[in-house]
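First comes the structure, then the notes that go with it.
Rendered as structure tokens:
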């Protein structure tokens with residue numbers, strides 16, 4: 002979510018996320034491939050190889066996931082800044098970038114216009130969750146799918162508010178309820194490690210489970226350690242992955 006301070010100060014995205022260096026096999030590629038193959042029914046192309054489905058990335062930030070999703074979908078992003086535009090331009094990706102407030106205002110997008118809406122690490126920043134999810138539902142086609150990813154409060158309650166832009170935590174039960182309250186059904190929610198090897202080989206989940214037993218002091222003390230201790234960090238922090246169908 003690209004809500005950060007501009008001017009002489011670092012933006013939220015600059016502080017929380019490292020610079021993008023998208024390449025095959027990285028986290029963004031593995032996440033998107035996993036979602037498309039395991040949760041969204043696989044890719045769909047017409048006879049000339051053009052994607053037949055459309056995807057909206059809400060709170061796309063710098064556009065890492067959206068850039069990879071462009072291999073499978075016609076892409077639109079929406080966020081309060083155009084950070085994704087630079088990524089798309091550098092990769093020669095044809096995508097629509099919409100700049101608008103997403104937390105408490107209507108999306109400037111047509112009703113029932115997307116097959117999939119994806120939003121990662123955004124809803125926990127949104128105070129008015131009911132409006133946010135209602136807008137996602139509004140722009141989805143009937144039978145379309147919302148993909149919502151957010152930190153699992155049960156695994157991150159100690160450090161959830163280390164990010165001062167976090168306003169609302171979610172558990173698996175909470176996320177299921179808010180999706181049902183805003184008109185979604187066929188809801189599937191998984192609690193995942195952000196470690197792609199556990200998606201491909203679930204039997205290896207015992208590795209992060211063991212690492213999770215390490216004291217929090219082993220996680221990281223600064224950005225340098227954060228960059229290099231990904232196994233420790235992502236063994237201790239899990240994400241909720243919800244896929245829900247618009248009625």
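Numbering (our numbering), first residue to last: 2 to 248.
The C-beta atom is built at its ideal place from N, Cα and C for all residues, glycine as well.
For the options 240, 127, 69 and 101, the alpha carbon positioned closest to that of residue 37 is the one of 69. Proximity to residue 152 across 164, 239 and 106 peaks at 239, based on C-alpha coordinates. Straight-line measurement puts the Cα of residue 33 at about 16 Å from the Cα of residue 46. A residue is called buried once 16 or more other Cβ atoms fall within 10 Å of its Cβ, and residue 159, having fewer, is exposed. Collapsing the DSSP output to three states places residue 89 in a helix.
Here the segment 105–114 makes contact with the segment 132–151; the two share three or more CB pairs at distances below 8 Å. In this structure, the beta-carbon distance from residue 149 to residue 172 does not fall below 9 Å.
Of the candidates 205, 235, 72 and 177, the residue whose Cα lies closest to the Cα of residue 243 is 177. Take the alpha-carbon of residue 67 and the one of residue 90: they are about 13 Å apart.
DSSP places residue 27 in the coil class of the three-state scheme, outside both helix and strand. The three-state secondary structure of residue 55, taken from DSSP, is strand.
Linking residue 85 to residue 43 through their CA atoms gives a straight-line distance of about 25 Å. For residue 151, the enclosing beta strand (DSSP E) begins and ends at 141–152.
Where residue 94 is concerned, there is no enclosing alpha helix (DSSP H), because DSSP gives it neither an H nor an E. For secondary structure counted as the beta strand (DSSP E) over 3 or more consecutive residues, the segment 100–141 holds these complete runs in sequence order: 115–121.
Residue 199: member of the alpha helix (DSSP H) spanning 197–201, first to last residue. Between residue 169 and residue 128 the beta-carbon gap is near 7 Å, inside 8 Å, which marks them as a contact.
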